[in-house]
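Those letters in the sequence shown? Residues 9 to 296, per this note's numbering, in order. For glycine and all other residues, C-beta sits at the position ideal for the given N, C-alpha and C. Report on the structure given below.
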Amino acid sequence: MKTTLLALALAVSGQAMADNRVENDTVVVRNPRKVTVVTGDSLQSILIEGSDDNPNYRYSNRIELVDSNYVSTSAINRDTWDFTFGFFKKKRKGRPQSDITSDFALGFCGVMDAPEQMDVKPFKSWEIWWLFGTYHYRPWHNGHAFSVGMGFDWRNYRMVDNYRFAADDDKVVTLEKYADGAKPRFSRVHTFDLVVPLRYEYMGKHFGFSLGPVLNLNTKGSLKTRYRMDGAKRKDTTNDLKTKLATIGMMGTVTVYHTTVYFKYRPSSLFRKGYGPQFKTFSFGIVL
């Protein structure tokens with residue numbers, strides 16, 4: 009169908025110029041992706057987009073009737089196109105105005121302004137997050153964009169020294185020493201959040217960054233402690249901790265060539281007041 013339409017368009021152009029006794033040029037485009045022909049009383053425009061071996065190929069031809077003479081103008085792969093006739097607007101160049109992406113990242117967690125006994129080890133505390141959908145909007149069709157996303161965030165805050173997380177029957181979390189003779193493996197608090205980041209983004213040729221607030225909706229909090237006592241393995245667990253339902257943090261990314269790193273900061277504490285130690289959290293890692 010495309011080949012037939014292209015042949016018809018070129019045939020009409022050739023017939024229109026026949027009265028001027030000008031030798032016709034022949035343009036052959038194999039398997040064009042799109043052919044647009046606009047015909048009016050004194051103007052005919054042809055636009056061919058894509059070819060068999062070049063998806064970015066563009067051919068433009070205008071035939072105008074001026075003082076009873078036909079004037080033909082052609083161009084191939086021009087950066088700008090004077091193809092404005094009727095309801096057809098000039099083709100906009102640049103990046104697409106919107107798209108949807110997905111991101112997966114691995115990183116480490118840490119705490120700030122925590123009690124002295126709460127010695128969380130950043131490189132032994134993991135974070136995994138997955139933004140299953142991020143909508144990017146580029147109002148100017150360039151490297152500047154605004155985005156909103158949604159995803160999941162798994163975090164482990166882990167201690168490996170002589171203190172452990174412990175919880176009573178009211179789910180109040182405290183820090184306490186292991187019993188005499190115990191051999192600690194680890195004690196950790198685990199959280200699972202639904203996250204909604206809102207960011208401004210810039211992406212150039214080899215460098216980019218993003219920055220904005222993140223809404224964290226906590227859906228689960230638990231603790232687990234593993235240790236050995238009297239030669240036997242022990243495990244203490246507590247689920248449904250009294251964590252804050254919603255917190256606001258900041259998130260940023262930096263991209264250099266094809267490598268992207270991220271950082272996050274949450275100024276509010278994980279636990280509700282009276283239900284656990286108060287501290288700020290941060291994380292950093294790489295976007296895969």
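For residue i, which residues does DSSP report across the bridge?
i	result
Pro192	Tyr235
Asp161	Trp137 and Asp201
Leu55	Thr44 and Ser68
Ala113	Trp137 and Val295
Phe290	Gly118 and Tyr273
Thr268	Thr263 and Val295
Lys228	Phe200
Val222	Pro205 and Gly257
Arg166	Arg196
His144	Asp107 and Ser155
Gly284	BP columns for Gly284 are empty, so no partner.
Gly212	According to DSSP, which records beta bridges pairwise, Gly212 is partnered with nothing at all.
Thr251	Phe279
From which residue to which residue does the beta strand (DSSP E) around residue i run?
i	result
Arg172	Tyr171 to Ala175
Thr255	Ala254 to Val264
Lys129	Note, Lys129: premise wrong, no beta strand (DSSP E); not H, not E.
Arg242	Ala240 to Thr246
Thr182	Val181 to Lys185
Round the Cβ separation of residue i and residue j to the nearest angstrom and send it over; I've been treating them as touching at under 8 Å.
i	j	result
Gly59	Pro40	A small fix is needed here, since residue 59 is Ser in this sequence, not Gly. Going by Cβ atoms, the distance from Ser59 to Pro40 rounds to 6 Å, so yes, they are a contact pair.
Leu204	Met258	The sequence as given places Val at residue 204; Leu does not occur at that position. With 8 Å as the limit, Val204 and Met258 do not qualify as a contact, their Cβ atoms being about 13 Å apart.
Met126	Ala190	The pair is not a contact, with the Cβ atoms about 18 Å apart (cut-off 8 Å).
Ile294	Leu51	At roughly 55 Å, the Cβ-Cβ gap does not stay under 8 Å, so Ile294 and Leu51 are not in contact.
Phe287	Ala122	4 Å
Leu206	Val269	Between Val269 and Leu206 the Cβ distance is about 20 Å, and since that is not below 8 Å, they are no contact.
Phe116	Trp134	7 Å
Asn64	Arg103	At roughly 14 Å, the Cβ-Cβ gap does not stay under 8 Å, so Asn64 and Arg103 are not in contact.
Glu57	Arg66	6 Å
Thr263	Ser276	That pair is no contact at about 28 Å.
Phe292	Phe271	5 Å
Ser53	Val46	5 Å
Tyr380	Gly216	With the chain covering 9 to 296 only, the question about residue 380 has no answer from this structure.
Asn170	Pro192	7 Å
Arg274	Thr261	So it is not a contact: roughly 16 Å between Cβ atoms.
Tyr283	Lys179	7 Å
Cβ pair count under 8 Å reaching 3, the region 232-240 against the region 208-223: Short answer: they don't touch.
Three CB pairs or more closer than 8 Å across the region 171-180 and the region 243-261: Counting Cβ pairs under 8 Å, three or more are found: they touch.
Contact between the region 137-145 and the region 181-195 (3+ Cβ pairs under 8 Å): Verdict: no, contact absent.
contact_flag[the region 158-172, the region 196-203] where n(CB pairs < 8 Å) is 3 or more: With the rule of 3 Cβ pairs closer than 8 Å, the region 158-172 counts as touching the region 196-203.
Cβ contact (3+ pairs, closer than 8 Å) linking the region 110-130 and the region 143-151: Output reads no: the region 143-151 does not touch the region 110-130.
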